[in-house]
Structures are given as structure tokens and as C-alpha cells.
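S.K.: Protein chains in written order, with full-length UniProt numbering: chain A, 1 to 327; chain B, 1 to 306; chain C, 1 to 377; chain D, 1 to 249.
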Amino acid sequence: MIRERTVNAAILALLVAVPAWAQWADEPFTITLATRVVIFAVAAVGLNIALGLGGLVSLGHAVYFGLGGYAMGVLASHAQNYSPLMEWPLQLDGTKSMPVIWLTAILSSALAAVAIGLLALRTTGVYFIMITLAFGQMAYFFAISWPAYGGEDGLSIYVRNSFPGLNTLIPIQFYGLCLAWLGVVLFLNARLARSSFGLVLTAARQVPQRVEAVGLDPTRAKLVALVISGAITGLAGALFADLNRFVSPTMLSWQMSGEIMVFVILGGVARLFGPVAGAGIFVLLEHLLGGISEYWQLFLGIILLLIVLSGRGGVVGMLSGRGATHE
Amino acid sequence: MSAILIVEQVLNGLQSGVMLFLMAAGLTLIFGVMGLINLAHGSLYMVGAFAAAAVAGATGSFVLALGAALVAAALAGGIVELVVIRRLYGRDHLDQVLATFALILIFSEGTRWLFGSFPLYLDIPDWLAGPVTLPGGIQYPLYRLALIVVGLVIAAGLGLLISRTRIGIQIRAGENDREMIAALGVDISRLYTLVFALGAGLAGLAGALVGAIQSVQVGMGEPVLISAFVVIVIGGIGSIKGALVGALMVGLTDTLGGIFLPELFKLFTDPAKATATGSAFASMAIYVLMAAVLVWRPTGLFGARA
Amino acid sequence: MSMKTLMTAAALAALAQSAGAEVKVGMITTLSGGGASLGIDTRDGFMLALDKSGRDDIEVIIEDDQRKPDVAVQITDKMIQSEKVDVLTGIVWSNLAMAVVPAATAQGLFYLSTNAAPAQLAGKGCNQNYFAVSYQNDNLHEAAGAYTKEAGYAKPFILAPNYPAGQDSLNGFKRFYDGELAGEIYTELGQTDYAAEIAQIRASGADSVFFFLPGGMGISFLKQYADSGVGLPVVGPAFSFDQAILQAVGEAAVGVSNTSTWSKDLDNPANAAFVAAFQEKYDRLPSIYAAQGYDTANLLVSALEKADVSDADAFRAALAEADFDSVRGKFSFAANHHPIQDIYVREVIKEGDIYTNKITGIAMEDRANAYVDECSM
Amino acid sequence: MSEPLLATRGLTKRFGALTVSEDISIDLRAGEIHAIIGPNGAGKSTLIAQICGALPPDAGDIHILGRDATRLDTRARARLGLARTFQISALAMEHTVLQNALLGCLGARGTPWRFLSDVLRNGHLRSRAEATLERVGLLDLAAVRTAELSHGQRRLLEVAVALTLEPKIFVMDEPMAGLGAEGSRHMTEILSNLRKEAPILLVEHDMDAVFALADRISVLVYGRVVASGTVEEIRADPTVREAYLGEDA
């Protein structure tokens with residue numbers, strides 16, 4: 001059996017080696033695929049903080065993903081059309097600067113998570129799953145029918161946004177940015193899991209009554225976890241929109257929420273590198289199976305099913321030979 | 001807006017609510033008895049519609065088609081329970097969500113593989129076609145009226161089944177205490193398969209009944225699935241009564257919201273804009289309703305446990 | 001990577017030569033999921049025309065976009081970065097086109113639209129490398145408005161889903177129908193039950209109904225409308241009366257008027273040859289999507305006869321000439337590279353066991369589009 | 001006599017027609033162990049739930065350290081200095097023994113709002129947690145996952161977590177439950193020493209332990225306190241013998 005640490009190191013090595021090879025072999029599309037993996041991984045790491053540490057089965061993380069996407073779309077489209085974002089009470093212009101867009105994505109997703117969390121955390125278990133799903137659907141239908149920012153057509157940006165000192169249109173440079181973000185959120189996740197907050201949060205998942213009995217507030221810990229989680233997924237949304245130079249309500253759909261969750265479970269819940277492995281395998285399957293058959297989703301379904309039924313804590317769990325982290 | 005129109009719209013809301021109930025009843029039973037979240041319930045709805053369309057095409061009989069829908073969906077449900085679902089009872093909700101998400105993919109693509117990408121044809125039988133005139137001069141499609149009646153009859157039947165029969169007692173016992181009913185010597189795995197097949201059959205029947213007035217195509221189940229989830233969450237998971245009340249609330253909210261919200265917005269803004277904005281809010285109405293109910297009662301209207 | 005999708009226009013024997021294929025075409029279309037039938041018809045029509053052209057130097061790479069914009073963008077990147085295609089085509093849906101076309105044309109590629117042609121790409125966002133071979137999205141709705149007016153209806157009730165194409169649709173209708181409306185409703189996108197809307201129609205005192213509800217929405221609406229006994233005459237764009245959809249709607253569609261740029265009974269030699277060849281090869285009747293795919297491929301071939309794709313200016317000029325035999329009869333490009341063509345009124349009939357359309361008249365002659373002046377090309 | 005640290009006055013709770021607590025007035029004074037005994041269904045757990053803030057009473061009030069705590073929630077009562085143990089161990093099973101103890105330390109002193117620093121490297125908190133574990137004899141097992149502990153070790157950890165709060169009052173719900181003779185003896189010893197730090201309101205079924213530990217005993221039957229007094233008084237009380245000890249007096 002391989003240790004989980006070895007598996008993690010292998011994943012990290014792949015994230016560096018594959019794009020490096022692709023750059024050398026002049027296979028820019030492989031870099032694009034790898035960028036997709038890394039961005040999905042950021043989104044899934046975000047969800048894993050709520051799901052793995054806090055036990056919050058949110059089936060509405062597409063809200064944050066989409067919100068991040070729209071943060072990019074709205075700001076960049078205003079900059080692209082030279083129309084101000086708002087004129088009153090103060091003049092605000094759009095921007096094509098990635099750092100500003102990221103900050104906006106993070107803040108707006110965090111705010112949304114506060115609002116959703118305050119309501120949704122009144123419920124638990126399956127009700128929580130459903131109420132987060134409902135918030136997702138609300139956002140989705142709103143985005144589809146609200147005409148100001150393209151409705152179902154979405155928003156298209158002609159040129160990728162800019163980052164000081166880089167040419168983001170070159171695939172490997174944009175990949176580097178995304179990989180750096182993945183490193184940051186993985187680091188954050190690892191530290192969070194070992195911190196005081198992480199201790200309270202994981203205890204709140206297992207024994208909320210105990211957390212209360214020692215005078216701490218389990219619900220507030222979960223709320224904060226949801227906010228951090230939403231902010232990270234929102235950031236991933238902004239990156240994803242920039243990768244595609246496009247944002248649409250599809251990013252807010254419940255299938256998107258389902259996919260982010262699939263990344264996490266496929267790789268292994270509450271495992272640091274689980275979401276990364278999950279996103280990688282999903283994109284790879286989509287790409288390979290899609291090349292073999294029109295009915296590739298049938299095979300994807302079967303593979304997913306087999307992985308869940310084997311019940312060994314996702315792919316990282318299988319490889320490192322340790323069962324589910326919590327039962 | 002005339003009174004006739006309002007009555008007609010209320011009937012429409014009832015009709016869509018009653019059909020939602022058929023979906024929601026199975027979902028809520030399956031969750032109540034087995035503690036399972038079944039995202040693939042919408043696929044069983046689709047299976048029913050496709051089975052009905054295939055049989056109606058071959059035999060020309062609508063009644064046979066409905067029978068086929070019921071049987072095919074129940075059978076599909078039974079098989080899925082035996083092969084997959086059974087392994088998920090002890091798992092947490094997360095595994096259930098992923099596994100049944102995978103089942104959606106398998107069902108959808110499998111159906112497309114069998115029947116192709118083009119929508120199928122299933123129509124109302126001649127003896128139920130066309131409108132009838134109700135007291136007060138309301139013209140209303142006979143078929144929709146029949147749907148309301150069929151739905152209410154099934155709701156009543158289900159109520160009797162749960163409250164009066166042996167199997168109903170076992171189901172209720174299963175909701176309260178799983179170990180207990182195993183201790184009583186009930187074959188629990190048979191009971192589970194039976195409940196799952198019953199829920200699947202109801203979903204399939206709903207698919208066929210609704211398929212006759214909608215399009216029978218791959219993916220038709222998912223929007224209904226989400227509405228059905230909204231229903232059982234509002235009603236309280238595990239409660240058949242809750243499912244009925246929730247389904248009617250959702251049906252009426254959806255139907256009436258779509259009509260009155262744009263009218264409401266016309267009071268504030270110009271008609272074209274009001275229509276678009278009103279419709280936008282109307283499409284969110286049932287989710288707002290659900291969020292409001294959950295904030296007020298975190299376990300739904302008739303939900304017992306957290 | 002694209003084993004299934006690597007298709008060449010000529011027979012296998014010619015495969016050896018195709019290594020040095022002159023032109024690479026990337027087709028992004030919907031082959032799986034709900035809207036697959038439209039993409040399949042587009043692909044089949046396109047490939048049929050290439051087959052008939054006998055050219056073996058055109059390589060077509062076909063990928064399924066799953067009707068998801070992000071997947072379409074990903075495929076586009078792949079086609080541009082890995083496959084190094086020269087021309088893109090095949091997108092069915094406007095929202096996917098909006099995701100793909102601006103970025104692709106900005107990178108200097110040619111895009112030939114087999115279907116989707118949203119207003120943004122016809123007006124301010126037009127591009128010299130973007131050619132809509134199908135129509136401009138508003139065209140069929142405008143024609144429906146014109147037809148409604150001409151047929152003497154004085155109080156139509158109009159409805160469409162609440163999304164950009166739906167809003168464009170009702171605006172297009174009103175552009176050519178300036179009379180009184182009995183009502184105007186936006187429905188939910190993906191809605192399947194129209195009982196409430198039909199009740200409103202019944203109560204509104206309308207004398208006709210115009211609707212734009214693509215895909216399964218149209219099937220549901222027509223079946224429910226027929227059963228409601230409202231019985232007012234119905235006008236709609238061709239999308240809901242497409243060959244594949246009609247069979248699912250059945251009897252409920254018979255007699256409905258719809259506007260289309262094409263019909264299988266259009267009387268011209270190119271069309272007769274197309275319909276016969278399509279039926280022979282695929283054993284089903286072609287749809288408007290197949291016809292548009294077929295025309296697009298023929299336009300491509302006609303331009304390749306005159307210019308090399310590597311000479312962008314010459315190739316663009318050759319495309320703009322539209323020197324091919326369209327199955328739609330008269331065909332030329334307006335200044336913003338959208339068609340100038342006749343738009344017909346068809347009626348749904350039953351032919352033997354099969355539901356299909358027959359032409360009853362012309363709704364608009366030589367119609368270009370409303371956005372020509374906004375395009376500064 | 002000193003002021004009671006914990007007192008209930010006329011505490012009443014009903015579930016529909018069933019009265020589970022009826023006019024209960026008990027108190028707990030410094031340095032003592034006050035045991036609550038009673039048959040199953042007497043309302044002991046409901047009483048604890050009301051005292052700890054998990055269940056609001058219908059009438060009556062609860063005073064903690066002289067303050068009216070009736071409307072305070074569980075957390076506020078914990079912060080006032082009330083520490084409880086659970087009848088069924090409420091421990092984070094995936095966590096190590098040390099982490100469970102640290103959770104208590106965080107509740108008492110630390111702040112949970114530190115996101116980046118490793119809680120195990122917080123020397124101050126850690127030494128406190130380890131000192132507490134040592135007192136109950138669990139220090140050797142500090143790095144073991146709680147799920148792998150024996151039942152008896154989990155009962156000890158329950159007490160240790162309460163102890164980390166450095167409380168002014170203990171409320172213990174059947175700490176001996178499921179322990180063998182040896183375990184009970186060990187636990188009895190620990191509790192006996194604890195009373196010097198803070199008084200214990202002890203709900204317990206193990207009569208040997210109760211009679212060995214308690215300074216005072218209150219007997220609860222059908223939601224009512226039927227008798228209250230010293231060990232000897234209770235032993236001699238005929239009502240108690242009849243109602244609870246099941247002897248025909």
C-alpha cells in the first residue's frame with residue numbers, strides 16, 4: 001500500500017510535469033485541459049472545506065462558482081464596452097485586471113455564503129442538501145431571465161483579463177497562475193484542518209452537542225466554514241470564466257453543483273488532495289470517453305457508480321489503502 | 001382578470017400539483033423508510049413515459065401503455081434497488097447523492113441509446129381528448145380533469161395502503177424504528193425492494209400520464225425531480241400527507257405565480273419589462289416558498305425528525 | 001484523440017492523401033443529451049454535401065458540445081490549438097455561439113454558422129470572418145409577424161420563453177406586426193406545462209396565436225393547445241415544426257402555419273437532389289438543420305474552388321460571393337454576412353403516415369435583417 | 001451554609017399531557033456531591049437537559065452562581081462555569097484523545113478563531129490538555145484515535161473534557177454507565193477528589209457508587225422529588241424504599 005503522502009506528491013508532480021511536457025511538445029490543448037483540471041480542483045477544494053471538514057453537504061456550490069464567473073463577466077464586459085458599472089453614488093468602472101476581479105469574486109461569493117448560510121444552517125441533514133439546492137436553482141433561474149447581463153446567452157469576453165507582468169493569453173502562463181492559486185488554497189486547507197478553527201469545525205460535524213457544552217458555537221463555525229468554502233469556489237468561478245473567456249447561467253446550474261461534488265467524492269472526502277485527484281480523473285474521463293463513444297456519459301456513470309459502491313474513500317483512499325475517513 | 005380564468009388556473013395548479021404528488025410520494029416513502037436520497041427518481045419517471053410511448057405505438061392502447069409504464073418503472077426500480085441501492089442504505093447522504101447522480105447518467109444515456117435522440121410520440125386517447133364544459137361555463141380539457149381525479153384516487157389509495165394494510169404497518173414501523181421491525185420478523189430487504197418498486201411505479205405512471213400532454217424525451221425527469229424535492233422538503237420528509245399538501249402548494253404557487261407576478265409588476269413598471277421581470281421572479285417562486293417554509297419550520301410542515 | 005470523429009469527406013482509400021489535407025474544418029455541434037437530434041441533422045447534412053462534392057482534401061473534425069457553453073469553448077480551444085483548424089462551424093444554439101464565435105474570429109478563424117445567428121453577432125459585434133449561412137435569428141419571427149398582419153389577424157396573442165432568444169423573438173414579431181396584441185407572455189425556459197398560458201389565451205379574446213418555443217417546449221405546448229379546444233389559428237417559426245419534432249407532436253400540429261427559410265417541397269433542382277440524396281443515405285426526411293448544414297458545406301466548397309483558405313482576404317471574398325446552388329433558391333449575403341433570402345410560409349400536413357410541411361406562400365421576399373446598419377464592417 | 005452554586009426553583013416541564021418535571025427545587029453547594037437517583041423514566045435526563053440549557057422549562061427558574069440563567073443557552077451556561085458529561089459519550093470519534101481534550105481547553109480559554117496556526121503546537125493549551133489527561137490516567141493514550149478507546153476509557157475522557165473547562169459546577173449524567181466493578185471504583189475515586197475543585201450534580205444508577213460518593217441525595221419519581229437528604233436519611237426513608245428500591249415496606 002502506498003502512503004497518502006506519496007499519492008499526494010505524485011499528484012503534485014503530475015500537475016507540474018504534464019503541462020511542462022505539453023509545453024515542450026507544443027500541445028497547447030493539453031495545457032488547456034490541465035488548466036481546467038486545476039480550476040475545478042480549486043472549486044472542489046473549496047467545497048471540501050465545507051463538506052469534508054464541516055460535514056456540510058452543499059448541493060448548491062454552483063451559486064458561488066457562478067457568482068465568481070459573473071464577477072469576472074460583469075466587470076470585464078463593462079471594461080470592454082467602456083460603460084461604467086455604476087455612476088451613483090460614486091463612479092465605478094469595469095476592469096480587466098485579474099487581481100481586482102478575483103477580489104470581487106471572493107468578496108461577493110463570501111457575502112452570498114453568509115446570506116445562504118444564515119438561512120440554510122437552521123436546517124440539517126437532507127434538508128440542508130435540499131435548501132442549498134433550492135438557493136442554487138433560484139440563482140440559476142434569476143440569471144437566465146435577467147436580461148441585463150446576457151440572460152441565458154451569457155457574457156462573452158474577447159480577450160482574457162490581464163495580470164501584471166504576464167501574458168495570460170499564453171496557455172502556460174495562465175496555467176501557472178491557476179496552479180499558484182491551487183497551491184494557495186491547498187495550503188490554506190491544510191493549515192485550516194490543523195488549526196483551532198479546524199478542530200472546532202470537525203468536532204461540530206461529529207458532536208455538535210459537545211461543542212456547545214464546552215461553550216463554543218458549532219453553527220457559527222459551520223457558517224464561517226461555508227463562507228471560506230464559498231469564497232474559494234467563487235474564486236475558481238472567476239478563473240473558470242477567464243479560461244473560457246465566457247460566463248453563462250450553466251455555471252449556476254444544479255448539474256454544476258453536482259459535478260463539483262463529484263470531484264470531491266471521486267477523489268476522497270476530507271482528503272487534502274482528494275478534490276485534485278477527483279477533478280483530474282473527471283476531466284480525463286470526459287476527454288477520453290468522449291473520444292470513444294457518443295454515449296460516453298453512460299460509461300462515466302458506470303465508472304462513478306463502481307467507485308462509490310466500492311466505498312473506499314475515493315481514489316486517493318483506494319490508492320493509499322485507507323478506508324473512508326469517517327463513516 | 002375574470003373569475004372564470006382564476007378558477008381555471010386554480011384547476012391547472014391542482015392538476016400539476018397532483019402529478020407532482022405521484023413523484024413526491026415515492027421519493028418521500030423511499031427517504032422515510034430507507035433513509036435514502038434518490039436523485040434517480042426522475043429517471044424512473046422518464047422510463048415510464050418511454051415505456052408508455054413504446055407500447056402505445058405498438059398496440060395503440062392508452063390503457064395498456066399506462067400499465068406498461070407502471071410495470072416497466074416498477075421493474076426498473078426493483079432491479080436498481082437489488083443491484084445498486086441496497087448497498088447504499090448504510091452509507092451517508094454523500095455517497096447516495098453521488099451514486100444516484102451516476103444512475104441518472106446511466107439511465108439517460110441508456111435510454112437515448114435504445115430510443116435515439118428524437119422525442120417520442122404519445123398522445124391523449126380519443127375518449128379523453130378535447131375540452132368539457134364545467135358548471136359556470138368553464139371550458140376545461142377532459143384529460144386534465146381526469147389527471148386530477150386519478151391523482152386524488154391514488155393519493156387516497158396510498159393513504160389507505162399506509163394506514164390500513166399489513167404492508168402499510170410495516171412501512172410505518174420502518175420509518176420509526178428499523179431494528180424493531182427486523183426484530184418483529186419482517187423480511188426487511190423484501191420490504192425495501194417493495195417500497196422502492198412502489199415509488200418507482202408511481203413515478204413511471206406519472207411520467208406516462210404527463211407524457212401524453214408533454215414531450216417524451218431524454219432528460220424530461222430532472223426538472224420534475226427537483227420540483228418533487230421541493231415538495232417533500234416543504235411537506236416534511238417521510239410524510240405522505242406532507243407530500244400531498246406540499247405538492248398542491250407547489251403546483252398552485254408555480255401556476256398562479258406565473259400569472260399574477262407579471263400583473264403585479266405591471267403596477268410599477270411598463271408592461272414589457274414587467275412581463276420579463278415578473279416571469280423571472282415567478283420562476284423562482286417555488287424555491288422562495290421552500291426556503292421560507294424551512295426557515296419557519298426546519299423539518300417541513302409535517303416532518304417529524306431532523 | 002478524435003478516433004470517432006475523424007471523418008474525411010472522401011472514401012477510406014483517399015485517407016492516405018488526407019494527411020496533406022488542404023483544409024481542416026472543425027464542427028462543434030450537439031450530439032448527446034436533449035438537443036442531439038438538431039446537431040445530428042446538421043452534421044449529416046454537412047457531410048452529405050461534402051460527399052457529393054467529391055473533394056477529398058477537406059478534413060472535418062466533429063466534436064460533441066453537449067449543449068454546454070463551457071464544453072463548446074473547450075472544444076474550440078482544442079480545435080484551434082491542437083488540430084489547427086481553418087474553419088469552424090456547426091453550433092446549433094445561440095448561447096453556445098456567443099461563447100465561441102467572438103473569441104474564434106478574434107483569433108482570425110472563419111466561422112460559418114449552420115444555425116445560431118444572434119443579434120449581437122449581426123450588429124455591433126459583427127466580424128468579417130463570421131458568416132451566417134442559416135438566417136439572422138429574428139428572421140423567422142419577423143416573417144411570422146409579417147404573415148400575421150397580411151393574413152388579416154387583428155389580435156394575436158404572443159408568447160416565448162423568458163431568455164434572450166425569446167425576447168428577440170417577440171421583438172422580431174412586433175417589428176413587422178404593428179397592430180394590437182391580445183397578450184404577451186414570457187414563459188419559463190424549459191417549461192413543460194402550458195395550461196396556465198392556454199387559459200390566458202382563451203380568456204384574452206385573441207384571434208390568433210404566435211409562439212416561439214423551441215424543442216420539447218413546443219411539443220408540449222402544441223399537444224396541450226390542441227387538446228384545450230381553444231382552436232385559434234397558430235403561427236410559429238419553423239423550429240417547432242421540424243421534421244423530427246412533428247412526429248412527436250402528431251395530429252396536434254396539422255394545419256398550423258409556420259415560417260421557414262426552407263421546406264422539403266421547395267421547387268428547385270438543388271433541393272430536389274438534396275432531399276433525395278439525404279433520404280437515400282440516412283433513410284429519413286431531412287430537417288431545416290440538415291438543409292442549413294448542407295448549404296454551409298456547399299458554400300465552403302464553392303469558396304475553396306476559388307481561393308485558398310490560407311489567403312484569408314481572397315477566401316473571405318469568395319465566401320461573400322455565395323456562389324453555390326442553395327437548396328433555398330435565391331441566396332446572397334448582406335453587408336453583415338447574413339443571408340438575403342425569401343422566407344416562406346408552410347403548413348403542416350399529413351403525408352401518408354408522416355407529418356410534414358408544404359409551402360403555401362412567401363412571407364417576406366429578399367429579407368436581409370434589421371442589424372445591417374449597426375455593423376461597421 | 002454557603003450560597004448554592006446551582007439552584008432550581010419550581011422547575012416544571014410538560015410534554016403534552018405528560019409532566020416530566022414537576023416543581024423541582026434542588027441545589028448544589030460548594031464542595032459537595034449531590035446525587036439524583038430515580039427509576040427509569042423518572043425524568044432525570046430531562047432535568048439535566050433543562051439545567052444545561054438544552055431544553056427550556058415551562059415554569060420555574062435556574063440559578064447558576066447566583067445569576068438567573070433560565071434564559072441563557074447552553075453555551076452561555078458553559079461560559080458561566082457549568083461543565084457537563086453525557087450519558088452516551090459525546091466525543092469526536094475521529095479525533096485523538098488529545099484533540100478532544102484540546103476542544104475543551106479552547107472552550108474554556110482559547111479562541112476558536114485561529115485559522116492558520118497549528119493548534120497542537122499551541123504550547124499553553126496543549127500543556128493544559130495534557131495535564132488534565134494525566135489526572136484521569138489517559139495521557140499515554142493522547143495520540144490514539146478516540147474511536148479506538150475502550151468504553152471505560154471513553155467514560156474517563158468524558159470527565160476529562162469537562163475538567164478542561166476548569167468549571168465551577170459539574171453536571172454528570174451517569175458517568176459509571178457500562179463500567180465494570182474495577183472501572184466504577186476508579187471513576188469513584190476520581191469523582192471523589194473532584195468535589196474539592198467544584199461540586200458535582202451527579203445522576204447515577206450505580207447505587208454502590210452513589211452511596212459511596214454522595215453527600216446528599218435527591219430521589220426523583222415521575223418527575224417529582226419525593227425525598228431529599230443525607231445518605232443515611234435516604235437509606236432509611238420508607239417512601240424511597242417503596243417507590244424506588246422496590247421493597248415492600
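Glycine included, C-beta positions come from ideal geometry on N, C-alpha and C. Here the structure is a predicted model, which means the values were calculated and not measured.
Return yes when the Cβ of A/L300 is within less than 7 Å of the Cβ of B/L105, no when it is not.
M.R.: Going by C-beta atoms, B/L105 is nearer than 7 Å to A/L300.
S.K.: For C/E351, which beta-bridge partners are listed by DSSP?
M.R.: For C/E351, which the question treats as bridged, DSSP gives the partners C/I354.
S.K.: A/I170 to A/L85, Cα distance in whole Å?
M.R.: A/I170 and A/L85: Cα-Cα distance of roughly 28 Å.
S.K.: For the stretch 15-73 of chain A, which segments carrying the alpha helix (DSSP H) assignment without a break, of at least 4 residues, lie completely within its bounds, in sequence order?
M.R.: Qualifying alpha helix (DSSP H) stretches, in chain order: 28-48.
S.K.: Check whether the stretch 267-275 of chain B touches the stretch 49-62 of chain B, taking contact to mean three or more Cβ pairs, one atom from each stretch, closer than 8 Å.
M.R.: The stretch 267-275 of chain B vs the stretch 49-62 of chain B: no contact.
S.K.: Does the distance from the CB of B/G110 to the CB of A/L289 come in under 7 Å?
M.R.: Against a cut-off of 7 Å, the Cβ pair of A/L289 and B/G110 comes out as no contact.
S.K.: Could you give the distance in angstroms between the alpha-carbon of C/Y147 and the alpha-carbon of C/G183?
M.R.: Answer to the nearest angstrom: the Cα atoms are 18 Å apart.
S.K.: Would you list the one or two residues that DSSP bridges to A/I170?
M.R.: In DSSP, A/I170 forms no bridge with anything.
S.K.: Using only CA atoms, which one of C/A322, C/E280, C/G329, C/Y225 lies nearest to C/W262?
M.R.: Closest by alpha carbon: C/G329.
S.K.: Comparing C-alpha positions only, which one of C/T356, C/G250, C/L232, C/G352 sits nearest to B/G57?
M.R.: It is C/G250.
S.K.: What are the residues in the stretch 83-98 of chain C lying within 7 Å of chain A by C-beta distance?
M.R.: Residues S94, N95, M98.
S.K.: What are the start and end residues of the beta strand (DSSP E) that includes D/G38?
M.R.: Taken as a continuous stretch (DSSP letters only), D/G38 belongs to no beta strand (DSSP E), as it is neither H nor E.
S.K.: Against chain D, does A/V200 count as a neighbour if the rule is that its beta carbon must be under 7 Å from one of theirs?
M.R.: For A/V200, the answer is yes, since a Cβ of chain D falls inside 7 Å of its Cβ.
S.K.: Using CA coordinates, which residue listed in B/L264, B/L244, B/A272 is at the minimum distance from B/V18?
M.R.: Out of B/L264, B/L244, B/A272, B/L244 has the C-alpha closest to the C-alpha of B/V18.
S.K.: Identify each residue in the stretch 217-232 of chain A for which the Cβ-Cβ distance to at least one residue of chain D is less than 7 Å, and report them in chain order.
M.R.: Hits within the stretch, in order: D217, A221.
S.K.: Extract the residue ranges of the beta strand (DSSP E) inside the stretch 281-352 of chain C, only unbroken runs of 3 or more that lie entirely within it.
M.R.: Entirely contained in the stretch 281-352 of chain C, the beta strand (DSSP E) runs reaching 3 residues are, in chain order, 339-351.
S.K.: Would you say C/L299 reaches chain B, if we count a Cβ-Cβ gap shorter than 7 Å as a contact?
M.R.: Judged by the 7 Å Cβ criterion, C/L299 is not in contact with chain B.
S.K.: For a contact defined as C-beta to C-beta under 8 Å, what are the partners of A/L192 on chain D?
M.R.: Correct list: F115, L116.
S.K.: Mapping DSSP to helix, strand and coil, what is D/T188?
M.R.: In this structure, D/T188 counts as helix in the three-state DSSP scheme.
S.K.: Could you round the C-beta distance between residue 308 of chain B and B/A206 to whole angstroms and report it? I think they count as a contact, below 8 Å.
M.R.: This structure gives no information on residue 308 of chain B, because the portion of chain B shown stretches from 1 to 306.
S.K.: Let me know the secondary structure DSSP gives D/A59 once reduced to three states.
M.R.: Looking at D/A59 - three-state DSSP - the assignment turns out to be strand.
S.K.: Report the CB separation of B/H41 from B/L29 in whole angstroms; it is logged as a contact under 8 Å.
M.R.: With a Cβ gap of about 11 Å, B/H41 and B/L29 do not count as contacting.
S.K.: Within the chosen definition, does the stretch 214-227 of chain C reach the stretch 171-185 of chain C through at least 3 CB pairs nearer than 8 Å?
M.R.: Flag = no, the stretch 214-227 of chain C and the stretch 171-185 of chain C do not touch.
S.K.: Give me the Cβ distance between B/I237 and B/G174, rounded to the nearest whole Å; I'm assuming they're in contact under 8 Å.
M.R.: Not really, about 14 Å apart at Cβ, beyond 8 Å.
S.K.: Could you list which residues in chain B have their beta carbon closer than 8 Å to that of C/D244, in chain order?
M.R.: Reading the sequence as shown, one finds Ala at residue 244 of chain C and not Asp. Within 8 Å Cβ-Cβ: F118, P119.
S.K.: If the cut is a Cβ gap below 7 Å, which residues of chain C does B/S215 touch?
M.R.: The contacting residues are G216, I219, S220, A248.
S.K.: Measuring only between beta-carbons, confirm whether A/F197 sits less than 7 Å from chain D.
M.R.: True, the Cβ-Cβ gap to chain D drops below 7 Å.
S.K.: Should A/L118 go down as buried or exposed, given a rule of 16 or more other Cβ atoms within 10 Å for buried?
M.R.: Label assigned to A/L118: exposed.
S.K.: Using 7 Å as the limit for Cβ to Cβ distance, is C/P237 near chain A?
M.R.: No, its Cβ sits nowhere closer than 7 Å to a Cβ of chain A.
S.K.: In chain order, what are the residue ranges of uninterrupted alpha helix (DSSP H) at least 4 long that sit wholly in the stretch 70-146 of chain A?
M.R.: Listed in chain order, the complete alpha helix (DSSP H) runs (minimum 4 residues) inside the stretch 70-146 of chain A are 98-120, 125-145.
S.K.: Does any residue of chain C bring its CB to less than 7 Å from the CB of A/R160?
M.R.: A/R160 does not count as touching chain C.
S.K.: Which runs of the beta strand (DSSP E) spanning at least 3 residues fall entirely within the stretch 169-232 of chain C, listed in chain order?
M.R.: Counting whole runs of 3 or more residues, the stretch 169-232 of chain C contains the beta strand (DSSP E) stretches 183-187, 208-211.
S.K.: Throw me the rounded Cβ distance for the A/G136 and A/L51 pair, which I believe falls under 8 Å.
M.R.: Incorrect: roughly 15 Å between the Cβ atoms, too far for contact.
S.K.: For a test of the three-state rule: what should DSSP assign to C/N129, helix, strand or coil?
M.R.: Residue state, collapsed to three classes: coil.
S.K.: In this structure, does DSSP put D/M207 in helix, strand or coil?
M.R.: Here D/M207 sits in helix by DSSP.
S.K.: I think D/L179 touches D/R155, with their Cβ atoms under 8 Å apart; what is that distance to the nearest whole Å?
M.R.: Right, their Cβ atoms sit about 6 Å apart.
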